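Chemist: Counting from 1, position 285 in the sequence shown corresponds to residue 281 in the numbering used here; the numbering is continuous, with no gaps. We put the CB at the ideal spot given by N, CA and C, even for glycine. All values derive from a computational prediction rather than experimental measurement. Please find one structure pasted underneath; my questions will follow.
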Amino acid sequence: MTNAQWMERDLAYLWHPCTQMKDHERLPLIPIRRAEGVWLYDMEGRRYLDAISSWWVNLFGHANPRIARAISRQARELEHVLLAGFTHAPAVELSEKLTALTPEGLEKVFFADNGSSAIEVALKMSYHYHRNRGEERSLFLSLSNSYHGETLGALSVGDVALYKETYEPLLIRNIQTPVPADGSPEATASALEALEKLLEERENEIAAMIVEPLVQGAGGMHMYAPDYLREARRLTRLHGIHLIADEIMTGFGRTGTMFACEQAGISPDFMALSKGLTGGFLPLSVVMTTDEVYSAFYCDYSEYKAFLHSHSYTGNPLACAAALATLEIFESENILERNRKKSAQIAKNLESFRQLNNVKTVRQTGMIAAVEMIDYPAEERRGLQVYRYGLEREVLLRPLGNVIYFMPPYVINENEIEMMMGVAYEGIKKLETRD
Ligand SMILES: Cc1ncc(COP(=O)(O)O)c(C=O)c1O
């Protein structure tokens, strides 16, 4: 069957995520038959370089044989068992590994099954912690331009109007403090001044501050300095407020270190992980927290302080097996070191974009790079034009508004980096000449 035939069957029944379905009257859907490494292959054999790791989940290539084998082995042994009252080796081994890998002090692992759910868990746990200690704090603090997922709690602490505005009457209480405008010391200082003032005024109301450390993903790959994070940690601690590090996108090497928090030398009270956790194979998430938080829930049942949150697929053994295989690849293949060379090549290529008249700025943190075009009006959908241009030339770029970004799987090779960035360059340049 052809791409068009699959598209017709799809559109008869499917309602796709984050999509105005009417767009598909003109924009073809791409049915993918198989994938390998950085490449996706459609039903007619055309290929696409996955420059965005399929919404930032893939680390070591599509259909990675090592991870596929681990899942297959696990599927024949134990596919799933509830995690309440029962446990299994993949969940135990993964928890041991994660507590060893993450910043000091994160000693307990609570499983969920996707990024947004992990954020719900962290928010509920923080609120509940204060409540268990006799304090009512129902307000959360987040950064402007942040994104933490689409469920109602996660949406409440986010700040992307396009996703949030419609649901405003349904949301939980949240206030925002400005994210540093860029990585400069001046921007860091000015954002910290605002944070300090806010914490002084409202410390008794706030349960937790939540941040995407160093890089705000859906907010256009906006980047800020580790100094902000370090000082935010100091201030939140000083005011008795939790710090939740949402490393759902930044975790597992994306920013150049295993976790972005390492670059600031901080330990948050909660760390949410998902996406790359399973190498991009299966949905899984965890919230890591401290013994101190755990202890506030640990008591006789009759005190009713337990954290009674659950999802059916919590800690699924197949997903845990995929995660263990992913961590083994990190251990055995010196990934972070090898990525440094790739980041350097990306940095070199990124420079050329600066010369384009329609490029406002370029930025990079580790294996994440972004090219921000000038402020084209949203209705012109210039990013979409670059997306179409990329697809015609075998590269899947999925711009965020006027920002074209690169977050490829780590198995990308030198030629593929040249191709990915070369196509993006030409796509942006083409818009420049059309003006
Ligand atoms: C920083 C961050 N937090 C949370 C989420 C939500 O994760 P999920 O899409 O798995 O619900 C995302 C997803 O893009 C994210 O980038």
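Return yes when the C-beta of residue 324 is under 6 Å from any heavy atom of ligand 1, and no when it is not.
Modeler: Position 328 of the sequence shown holds residue 324. Checking every heavy atom of ligand 1 against the Cβ of residue 324, none is found closer than 6 Å.
Chemist: Tell me whether residue 37 sits in a helix, a strand or coil according to DSSP, three-state version.
Modeler: Translated into positions along the sequence shown, residue 37 becomes position 41. Here residue 37 sits in strand by DSSP.
Chemist: Helix, strand or coil for residue 322, going by three-state DSSP, please let me know.
Modeler: Within the sequence shown, residue 322 is the residue found at index 326, counting from 1. Here residue 322 sits in helix by DSSP.
Chemist: So, using beta-carbon positions, are residue 369 and residue 391 closer together than 7 Å?
Modeler: Along the sequence shown, one-based indexing puts residue 369 at 373. Along the sequence shown, one-based indexing puts residue 391 at 395. Going by C-beta atoms, residue 369 is not nearer than 7 Å to residue 391.
Chemist: Under 7 Å, do residue 70 and residue 395 count as touching if we go by C-beta distance?
Modeler: Here residue 70 refers to the residue found at position 74 of the sequence shown. Here residue 395 refers to the residue found at position 399 of the sequence shown. Result no, Cβ atoms of residue 70 and residue 395 do not sit closer than 7 Å.
Chemist: Let me check you understand the geometry: is the CB of residue 244 closer than 6 Å to at least one non-hydrogen atom of ligand 1?
Modeler: Stepping through the sequence shown from its first residue, residue 244 is reached at position 248. Within the cutoff, so yes.
Chemist: Can residue 75 and residue 320 be called in contact, C-beta distance under 7 Å?
Modeler: Numbered from its first residue, the sequence shown carries residue 75 at position 79. Numbered from its first residue, the sequence shown carries residue 320 at position 324. Result no, Cβ atoms of residue 75 and residue 320 do not sit closer than 7 Å.
Chemist: Should residue 413 be flagged as near chain C, meaning a C-beta pair shorter than 7 Å?
Modeler: The structure shown has no chain C; it contains just one protein chain.
Chemist: Under the criterion of a Cβ to heavy atom distance below 6 Å, does residue 305 qualify as lining ligand 1?
Modeler: Counted from its first residue, the sequence shown places residue 305 at position 309. Every heavy atom of ligand 1 is 6 Å or more from the Cβ of residue 305, so no.
Chemist: Answer yes or no: the CB of residue 144 versus the heavy atoms of ligand 1, is any distance below 6 Å?
Modeler: As a working note, residue 144 is residue 148 in the sequence shown. It does: the Cβ of residue 144 is within 6 Å (strictly closer) of some heavy atom of ligand 1.
Chemist: Taking a contact to mean a Cβ-Cβ separation below 7 Å, would you say residue 401 touches residue 217 in this structure?
Modeler: On the sequence shown, residue 401 is found 405 positions in, with the first residue counted as 1. On the sequence shown, residue 217 is found 221 positions in, with the first residue counted as 1. Result yes, Cβ atoms of residue 401 and residue 217 sit closer than 7 Å.
Chemist: Could you check whether the Cβ of residue 110 sits closer than 6 Å to any heavy atom belonging to ligand 1?
Modeler: As a first step, residue 110 is located in the sequence shown; it is residue number 114 there, counting from the start. Under cutoff, so the answer is yes.
Chemist: Excluding the 5 residues preceding and the 5 following residue 43 in the sequence, name in chain order all residues of the same chain whose CB lies nearer than 6 Å to its CB.
Modeler: Position 47 of the sequence shown holds residue 43. Within the same chain, residue 43 has close Cβ partners 35, 37 and 390.
Chemist: Between 79, 2 and 62, which lies nearest to residue 304 when the distance is taken from Cα to Cα?
Modeler: Here residue 304 is taken as the residue at index 308 of the sequence shown, counted from 1. Selected option, being the one with the closest Cα: 79.
Chemist: Taking just the CA atoms, how far does residue 252 sit from residue 331?
Modeler: Mapped onto the sequence shown, residue 331 falls at position 335. Mapped onto the sequence shown, residue 252 falls at position 256. Going by the C-alpha atoms only, they are around 10 Å apart.
Chemist: By DSSP, does residue 267 sit in helix, in strand, or in coil?
Modeler: Taking the first residue of the sequence shown as position 1, residue 267 is located at position 271. Residue 267: strand per DSSP, three-state reduction.
Chemist: Given a cut-off of 7 Å, decide if residue 393 and residue 406 are closer than it, judged by their beta-carbon atoms.
Modeler: Residue 406 sits at position 410 when you count from the first residue of the sequence shown. Residue 393 sits at position 397 when you count from the first residue of the sequence shown. No, they are not a contact pair.
Chemist: Would you tell me roughly how many angstroms separate the C-alpha atoms of residue 284 and residue 274, rounded to the nearest one?
Modeler: Counting from one through the sequence shown, the residue named residue 284 turns up at place 288. Counting from one through the sequence shown, the residue named residue 274 turns up at place 278. Looking at the two C-alpha atoms, the distance is approximately 16 Å.
Chemist: Got a sec: does ligand 1 put a non-hydrogen atom nearer than 6 Å to the Cβ of residue 208?
Modeler: Here residue 208 refers to the residue found at position 212 when the sequence shown is read from its first residue. Checking the Cβ of residue 208 against ligand 1 gives yes.
Chemist: Taking residue 401 as part of the beta strand (DSSP E), name the residues at either end of that continuous run.
Modeler: Stepping through the sequence shown from its first residue, residue 401 is reached at position 405. It spans 399 to 402 - the beta strand (DSSP E) in which residue 401 sits, taken as one unbroken run.
Chemist: Would residue 378 pass as a contact of residue 372 if the rule is Cβ separation under 7 Å?
Modeler: Residue numbering aside, residue 378 sits at position 382 when the sequence shown is read from its first letter. Residue numbering aside, residue 372 sits at position 376 when the sequence shown is read from its first letter. Yes, the Cβ-Cβ distance between residue 378 and residue 372 is below 7 Å.
Chemist: Would you give the residue range spanned by the beta strand (DSSP E) that residue 115 belongs to?
Modeler: Working through the sequence shown from its first residue, we reach residue 115 at position 119. No beta strand (DSSP E) holds residue 115; the alpha helix (DSSP H) holding it covers 111 to 128.
Chemist: Can residue 425 and residue 346 be called in contact, C-beta distance under 7 Å?
Modeler: On the sequence shown, residue 425 is found 429 positions in, with the first residue counted as 1. On the sequence shown, residue 346 is found 350 positions in, with the first residue counted as 1. Their beta carbons are not under 7 Å apart, which means residue 425 does not touch residue 346 by this criterion.
Chemist: Would you report the Cα separation of residue 106 and residue 119, rounded to the nearest angstrom?
Modeler: Your numbering for residue 106 matches position 110 in the sequence shown. Your numbering for residue 119 matches position 123 in the sequence shown. Straight-line Cα distance between these residues: approximately 13 Å.
Chemist: So, for residue 341: in the same chain, excluding its five sequence neighbours on each side, which residues have a beta-carbon less than 6 Å away from its beta-carbon?
Modeler: By 1-based counting over the sequence shown, the position of residue 341 is 345. For residue 341, where only same-chain residues beyond five positions count, the Cβ hits under 6 Å are 413.
Chemist: Between which residues of its own chain and residue 227 is the CB-CB distance below 6 Å, once the five residues before and five after are set aside?
Modeler: Residue numbering aside, residue 227 sits at position 231 when the sequence shown is read from its first letter. Hits under 6 Å: 188.
Chemist: Can you tell me whether residue 308 sits near ligand 1, meaning its C-beta is under 6 Å from at least one heavy atom of the ligand?
Modeler: The count along the sequence shown starts at 1 and reaches residue 308 at position 312. Incorrect: residue 308 has no Cβ contact closer than 6 Å to ligand 1.
Chemist: Could you check if residue 270 belongs to the surroundings of ligand 1, using beta carbon to heavy atom distance under 6 Å?
Modeler: Taking the first residue of the sequence shown as position 1, residue 270 is located at position 274. Under cutoff, so the answer is yes.
Chemist: For the region 228 to 243 against the region 263 to 277, do three or more pairs of beta-carbon atoms, one drawn from each stretch, fall closer than 8 Å, so that the two count as touching?
Modeler: Segments in contact, yes.
Chemist: Suppose you measure from the CA of residue 96 to the CA of residue 56; what does that come to, to the nearest Å?
Modeler: As a position in the sequence shown, residue 96 is number 100, starting the count at 1. As a position in the sequence shown, residue 56 is number 60, starting the count at 1. Between residue 96 and residue 56, the C-alpha separation is close to 22 Å.
Chemist: Hey, could you find the ends of the alpha helix (DSSP H) residue 291 is sitting in?
Modeler: Counting from 1 along the sequence shown, the entry for residue 291 is found at position 295. Here the alpha helix (DSSP H) through residue 291 covers 287 to 291.
Chemist: Should residue -2 go down as buried or exposed, given a rule of 16 or more other Cβ atoms within 10 Å for buried?
Modeler: Position 2 of the sequence shown, counted from the first residue, corresponds to residue -2. By the 10 Å Cβ count, residue -2 comes out exposed.
Chemist: Output needed for residue 16: all residues of its chain with C-beta closer than 6 Å, excluding positions within five of it in sequence on either side, in chain order.
Modeler: One-based indexing of the sequence shown puts residue 16 at position 20. Excluding residues within five positions, none has a Cβ falling inside 6 Å.
Chemist: Looking at the strands, I want to know which residues DSSP matches up with residue 241.
Modeler: What you label residue 241 is simply residue 245 of the sequence shown in a count that begins at 1. For residue 241, which the question treats as bridged, DSSP gives the partners 207 and 267.
Chemist: On the DSSP letters alone, give me the boundaries of the alpha helix (DSSP H) that residue 356 sits inside.
Modeler: Taking the first residue of the sequence shown as 1, we reach residue 356 at position 360. Note, residue 356: premise wrong, no alpha helix (DSSP H); beta strand (DSSP E) at 355 to 361.
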